[in-house]
Every structure is written in C-alpha cells, then in structure tokens.
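**Q**
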Amino acid sequence: MVEFVHHKAELNGLSYHFVTAGQGPAILLLHGFPDLWIGWRPVMEHLVAAGYSVIAPDLRGFGDSQAAPGPDQASGFDLLGDLIALLDHLGHVQVAVVGHDWGAEVGWTIVRLRPDRFGAIVSLSIPFTPRGDASLPQLLAANAPPDFYMLYFLQEGVAERELDSDPKAFLRRLFYTNWGGRPGTDVPIMRLGANGRLIDGLDEPPTSANLLTEQELDIYASSFARTGFRGALNTYRSLHRNWELLAGWADIAVDVPAFYISGDRDIVLHFPGMKSMVEQMTSMLPQAAPPVILEGVGHFVQMERPGQVADLIASFLGRNHPCAGTSD
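Numbering-wise (full-length UniProt numbering), the sequence shown opens with residue 1 and increments by one.
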C-alpha cells in the first residue's frame with residue numbers, strides 16, 4: 001500500500017497543496033485542465049513501486065492551491081517560480097518532470113528555462129513546439145472556428161459562468177468526450193453547441209460507462225464547486241503572456257532527455273500541424289526519444305492506461321533521470 005502524504009506550504013507567495021509518496025529519484029507530476037493532483041494517483045502508485053519518489057501538486061488555481069489574482073498570472077514563468085520554491089521546500093536539487101496537457105506545456109517551459117533543476121521531461125499529449133511568430137491565442141483567433149472551445153475559455157467571465165453553474169454535468173461530459181473507450185472511431189471536436197454553451201457541444205454519456213467512476217467524478221465536481229473554474233481557466237488566459245515572456249529564449253534548444261506519449265484518439269494529436277510536430281521532435285530536440293502513440297486511447301492517457309504509461313515513464317527515466325544513482 002502506497003502512503004500518500006498531503007502537504008500545504010507557502011510557495012512563491014501562494015498557498016499550495018501537494019502530495020508526495022515513495023523513495024528514490026524524484027519525479028514531479030504536473031496535471032492539466034480540468035485535472036487535479038489525484039489524476040496522477042494510479043500512475044504514482046506504479047512509479048513508487050518502480051523505485052521513484054513522486055511529487056504531485058495542485059497547480060495554482062486548481063484544487064487546494066491558491067489562484068493568483070490576475071487572469072494572466074498562470075504562465076509557465078509564474079509556475080516556474082512556484083515549482084522552484086516547491087523543490088527548495090522539499091530539498092530536491094533536480095527532478096524529472098512528467099506533464100499532461102497544460103502541465104506538459106508548463107513542463108516544456110521550465111526545462112528550457114532551468115534545466116539545472118528540471119533535468120528530463122516526459123510529455124503526455126502536448127508535443128514540443130518552437131516559439132513561433134504568433135502566440136496560440138493569436139493563431140486561434142486567425143484560424144480556428146469561432147465556436148472552438150479554447151477561444152471560449154479565453155473569454156474572461158463567460159466560460160466560468162457556464163461551467164460554475166453545474167460542474168459535475170460539465171465534467172461528466174468532458175471526460176466522456178475525451179475518453180478513448182467512447183463508442184465510435186471519431187475524434188472529439190470540442191466546439192460550442194447551437195445555443196453557445198460548451199456543454200451542449202460535448203457528448204452525453206449514453207450509459208454509466210465513462211473515463212471516471214461516479215465516485216471519482218464526485219471528487220472533481222466537489223473541488224470545482226468549491227473553487228469555481230476561474231483559476232483553472234486562467235491557464236489558457238496566460239498563454240499569450242507566456243509567449244511574450246519566452247521571446248528571450250526562442251533560440252535556446254530544449255537540451256534535456258525528452259519523451260512524448262499520447263493516445264491516437266487524443267484531440268490534441270489531431271489539431272492542425274500536431275502530428276508533424278510529434279514527428280519532428282527527434283530532429284528538433286537533441287536528446288528526444290522516439291514518441292509512443294497508444295492505440296485506442298484518448299486525451300487523458302495517464303488515466304486510461306496508468307500502468308502502461310508508468311512503465312513507459314519508468315523505462316525512459318531508468319536511462320535518463322538526472323539523479324539516477326544519487327540520493328536525490
């Protein structure tokens with residue numbers, strides 16, 4: 001039985017909640033939207049059994065961690081300060097990073113900025129993308145359909161009004177829509193419904209079958225009912241600022257061991273240009289391993305295949321963890 005230890009600490013001026021377990025080289029696990037630390041729990045159990053220690057925070061604005069006051073204060077640069085403070089608090093000199101969704105986006109930023117502290121990365125769903133001539137919000141505004149979910153999330157005050165009104169209904173549909181076990185072979189589109197609400201553009205589960213059990217769904221719904229979605233949505237609203245701040249590092253290569261895992265039914269993998277980015281990672285990144293795409297798996301790959309994902313992580317980090325063979 002793995003013992004999960006819950007902590008609260010003041011990190012970079014914010015109250016943070018994080019969970020630790022295990023002994024051995026440390027792995028920092030960064031969740032995405034609309035996830036929490038607990039989305040990593042099954043993977044954490046496998047990694048502890050493989051001889052690693054694991055650290056899973058609720059990132060700023062999620063779960064039991066405090067949100068920053070500004071809507072654009074959840075960039076990778078802001079989170080870098082939080083996570084350096086977390087490592088210092090725990091006494092870790094260097095860790096490996098595993099990130100999913102926007103946690104992976106943060107992961108790519110922090111290994112670029114501070115490879116001395118974050119010495120390897122495993123990215124789930126989000127491949128490495130170079131800093132281009134425009135930010136993602138600018139690209140979406142120019143190219144995406146106006147009812148695309150990310151454009152909706154960028155509208156401060158609009159998306160949270162809908163999502164806060166019934167967190168469980170939204171989460172039930174979102175996790176189902178992005179589940180690889182959903183009937184059919186189509187990949188979700190994630191666009192607003194005819195009445196301008198996102199929930200009506202997501203699939204209604206026809207039965208009780210879903211990515212999460214009812215009990216697991218209750219944990220997520222209870223958390224977001226307490227906090228609201230604003231802090232979590234600010235992750236999207238910080239994307240342009242993150243792009244602006246990254247200008248000084250645009251020509252700096254990510255030169256740490258890197259590994260990409262995704263599911264073939266992940267919506268992100270089917271965004272325009274994403275498959276090409278995945279294919280180019282081994283040529284763009286000096287220490288990138290060949291990517292792994294899991295068949296029949298959706299966006300939340302770590303939830304659908306925790307054992308397989310943990311085995312892939314452990315195998316990669318067994319050769320590439322920055323602290324392998326040391327006590328840290």
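Virtual Cβ for every residue (Gly too), placed ideally from N, Cα, C.
Nothing here was measured: the structure is a model prediction, and the numbers come from that model.
Measuring CB to CB, does ALA314 end up less than 8 Å from LEU28?
**A** On the sequence shown, position 314 is the one that residue 314 refers to. On the sequence shown, position 28 is the one that residue 28 refers to. No, these two residues do not count as a Cβ contact at 8 Å.
**Q** Within 10 angstroms of its Cβ, does MET44 collect 16 or more other Cβ (buried), or is it exposed?
**A** As a first step, residue 44 must be located in the sequence shown, where it is residue number 44. Flag for MET44 reads buried.
**Q** Can you say whether ASP266 is buried or exposed, counting buried as having 16 or more other CB atoms within 10 angstroms of its CB?
**A** In the sequence shown, residue 266 corresponds to position 266, counting from 1. Answer is buried; the Cβ neighbour count reaches 16.
**Q** Hey, how far is the Cα of THR129 from the Cα of GLU204?
**A** If you number the sequence shown from 1, residue 129 lands on position 129. If you number the sequence shown from 1, residue 204 lands on position 204. Their Cα atoms are separated by approximately 33 Å.
**Q** Measuring straight from C-alpha to C-alpha, what distance separates ILE84 and PRO257?
**A** Counted from its first residue, the sequence shown places residue 84 at position 84. Counted from its first residue, the sequence shown places residue 257 at position 257. Computed Cα separation, rounded: 19 Å.
**Q** Where do the ends of the beta strand (DSSP E) carrying GLY99 lie?
**A** Residue numbering aside, residue 99 sits at position 99 when the sequence shown is read from its first letter. Unbroken beta strand (DSSP E) run through GLY99: 95-100.
**Q** Can we say the segment 116-131 touches the segment 266-284, given the rule of at least three CB pairs closer than 8 Å?
**A** These segments touch.
**Q** With a threshold of 6 Å on Cβ separation, who are the neighbours of PHE153 within its own chain once the five nearest residues in sequence on each side are excluded?
**A** What you label residue 153 is simply residue 153 of the sequence shown in a count that begins at 1. Hits under 6 Å: ALA159, LEU233 and TYR236.
**Q** Among HIS7, ALA96 and ARG191, whose alpha-carbon lies nearest the alpha-carbon of ARG319?
**A** The residue given as residue 319 occupies position 319 in the sequence shown. Among HIS7, ALA96 and ARG191, the Cα nearest to that of ARG319 belongs to ALA96.
**Q** With LEU14 as the anchor, note down where its beta strand (DSSP E) starts and where it stops.
**A** In the sequence shown, counting from the first residue as 1, residue 14 sits at position 14. Per DSSP, LEU14 belongs to the beta strand (DSSP E) from 14-21.
**Q** For ILE219, report the span of its alpha helix (DSSP H) as first-last.
**A** The residue labelled residue 219 in the question sits at position 219 within the sequence shown. Unbroken alpha helix (DSSP H) run through ILE219: 214-227.
**Q** Got a sec, what are the start and stop residues for the beta strand (DSSP E) TYR260 sits in?
**A** Counted from its first residue, the sequence shown places residue 260 at position 260. Start and end: 258-263.
**Q** Quick check on the burial criterion: 16 or more other C-beta atoms within 10 angstroms. Buried or exposed for GLN94?
**A** Locating residue 94 in the sequence shown gives position 94, counting from the first residue. The residue in question, GLN94, is buried, as its Cβ has 16 or more Cβ neighbours within 10 Å.
**Q** Which whole runs of the beta strand (DSSP E) in the segment 235-306 are 3 residues long or more, in chain order?
**A** Within the segment 235-306, the complete beta strand (DSSP E) runs of at least 3 residues are 258-263 and 292-294.
**Q** Round the Cβ separation of GLY39 and GLN302 to the nearest angstrom and send it over; I've been treating them as touching at under 8 Å.
**A** Here residue 39 refers to the residue found at position 39 when the sequence shown is read from its first residue. Here residue 302 refers to the residue found at position 302 when the sequence shown is read from its first residue. Going by Cβ atoms, the distance from GLY39 to GLN302 rounds to 7 Å, so yes, they are a contact pair.
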